[in-house]
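For reference, the structure is listed below as structure tokens.
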Amino acid sequence: MNIKVLIIPGDGIGREVICEAEKILDVVGRSYQIKIEKMHALAGGACLEEKGVPIEEETLELAKEADAVLLGAVGSPEWDNMPIKKKPEQAILKLRKAMGSFANIRPVKIFLPLINASPLKEKIIRNTDLVVVRELTGGIYFGEPREIREEGNKIKGINSLVYYDYEIERIARVAFEIAVKRRKKVTSVDKANVLESSILWRKTVNEVSKDYPEIEINHMYVDNCAMQIIRNPSQFDVILTTNLFGDILSDEASMIPGSIGLLPSASLNEGKKGLYEPIHGSAPDIAGRGEANPLATILSVAMMFRYSFDLGEIADRIEKAVEMVLEEGFRTPDIAGDGKAISTAMMGEAVLKKVHFRDGLTLSE
Ligand code: IPM
Ligand code: MG
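Take the sequence shown: its letter number 89 is residue 69 in this note's numbering, and every next letter is one higher.
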């Protein structure tokens, strides 16, 4: 088997966590005799500095050619005051758009050894196992018109929340298909009491739901959902929502397992190609210190094998390795509480050892 993976470390802790994830990718390739062709590219602030743009056209072409893209994080404070087209975040948005990665899948589950790392009470979070399915290439992130315009002596900022029925339908199908393999419940989150685009969203989701009679569908307003995620997260199986609501709710949900440094994501297009990234950002406050948690990125590699390459066995093995290191007490600072913390590289190494030796596979190198 041959696979082509484009690796984009990006900015800040992106580079540190990608470094660990790449080692996992290498060891899996060697253990399973998968020929992994790795390509590397710049994006975000790193690319702005060297090339003057957040991402180069040729990188977008490479991303389209690759079987999967593994991204660290982009964003760096030096570029905060730049006009929108010159912000590092444009790199991610352009990649998502170029690859057509409309379906963002963000699983949130509890790791039992970390149950006390969460700021929420154990009895509330204990049975959490949910997936946020976020629409990723539409909505207010991409709607036109968008601009800052002068109107007489006033200045007006405009963004447009636009959804086409076909965009809603295809993301809804992804959510229902995921629910079929899980606990068979979809909660669609919108703001249909205020927004026209949400009225269309709800109607379209209800139409799609007719094709899935075995799935329980319910609808929730986003403000209520934000509350319910904290009040009783175990009521959720699959949360289906828009680009902006999914962005916000997935950060909120990351506090259930205790750290945003634990949450991976997959963004899939109509084929099986995917963009895999941790849901956290570039964390400039801790960048370069070797303190970042690489587990979200390592778990994103697991998702890559599951979703793009149909190799659930490898995904299970990586996920199991992560569970084992947590059981053995390895902790980066974000999940250490008052206990002893280890570095990004040590955490990566601990997982690597488990992936490597778990069922006695030897490396061919
Ligand atoms: C995310 C991030 C991105 C988003 C940013 C970096 C553009 O917050 O992946 O959740 O808003 O989608
Ligand atoms: Mg976000």
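Ideal placement from N, C-alpha and C gives every residue a C-beta, glycine not left out.
One Cα belongs to Lys66, the other to Glu36, and the distance between them is close to 12 Å.
Lys253 counts as buried, since at least 16 other C-beta atoms from the protein chains shown sit within 10 angstroms of its C-beta.
Listed in chain order, the beta strand (DSSP E) elements of length 3 or more contained wholly in the stretch 222 to 283 are 244 to 248, 254 to 258. For Val111, the enclosing beta strand (DSSP E) covers residues 109 to 115. Sequence-distant Cβ neighbours of Glu149 in its own chain, meaning closer than 8 Å and more than five residues away, are Thr184, Glu187, Val188. For Ile16, the enclosing beta strand (DSSP E) stretches over residues 15 to 20. For Asp(-9), the shortest C-beta to heavy atom distance toward the ligand IPM is 6 Å or greater.
Judged by beta-carbon spacing, Leu242 lies within the 7 Å limit of Ala276, meaning their Cβ atoms are closer than that value. Per DSSP, Leu92 lies in no beta strand (DSSP E) and is assigned neither H nor E. DSSP places Lys164 outside both helix and strand once states are collapsed to three, so it counts as coil. In this structure the stretch 281 to 300 does not lie against the stretch 309 to 320, because fewer than three pairs of beta carbons, one per stretch, are closer than 8 Å.
In terms of CA proximity to Ser323, Gly268 leads the group Ser280, Val281, Gly268, Val335. If you look at Arg211, you'll find it in the alpha helix (DSSP H) that goes 202 to 211. Between Arg286 and the set Asp47, Glu41, Glu17, the nearest pair of CA atoms involves Asp47. Here Ala233 really is in contact with Val88; their C-beta atoms are around 5 Å apart, less than 8 Å.
Within 6 Å of the C-beta of Ile72 there is at least one heavy atom belonging to the ligand IPM. For Leu40, the three-state secondary structure derived from DSSP is helix. If you look at Ile135, you'll find it in the beta strand (DSSP E) that goes 134 to 138. In the DSSP assignment, the residues bridged to Gly(-10) are Ala53.
Look at Asn186 here: in three-state DSSP terms it is helix. Pairing Leu229 with Ser81 gives a Cβ-Cβ distance that is not under 7 Å. When distances are taken from the beta-carbon of Asp227 to the heavy atoms of the ligand MG, the shortest one is below 6 Å. Your pair Leu116 and Ala159 does not check out as a contact, with CB atoms roughly 18 Å apart and the cut at 8 Å. In this structure the stretch 22 to 30 lies against the stretch -19 to -2, because at least three pairs of beta carbons, one per stretch, are closer than 8 Å. Taking each of Asn212, Ala295, Tyr201 in turn and checking the Cα distance to Ile4, the smallest one comes out for Ala295. Residue pairing by DSSP places Asn198 opposite Thr167 in a beta bridge. Non-local C-beta neighbours of Gly270 in its own chain, meaning closer than 7 Å and more than five positions away in sequence, comprise Glu(-4), Ser323, Thr324, Ala325, ordered along the chain. Taking C-alpha positions only, Asn96 is separated from Pro213 by approximately 16 Å. In the DSSP assignment, Ile128 falls within the beta strand (DSSP E) that extends over 127 to 131. The shortest C-alpha to C-alpha distance from Val54 to any of Ile236, Pro258, Arg86 is the one to Pro258.
Distances from the alpha-carbon of Leu40 to those of Ser140, Glu0, Ile(-12), Leu279 put Ile(-12) closest.
With fewer than 16 other beta carbons inside 10 angstroms of its own, Val174 counts as exposed. Annotation for Tyr12: Ile294 place their beta carbon closer than 7 Å to its own, counting only its chain and skipping 5 residues before and after.
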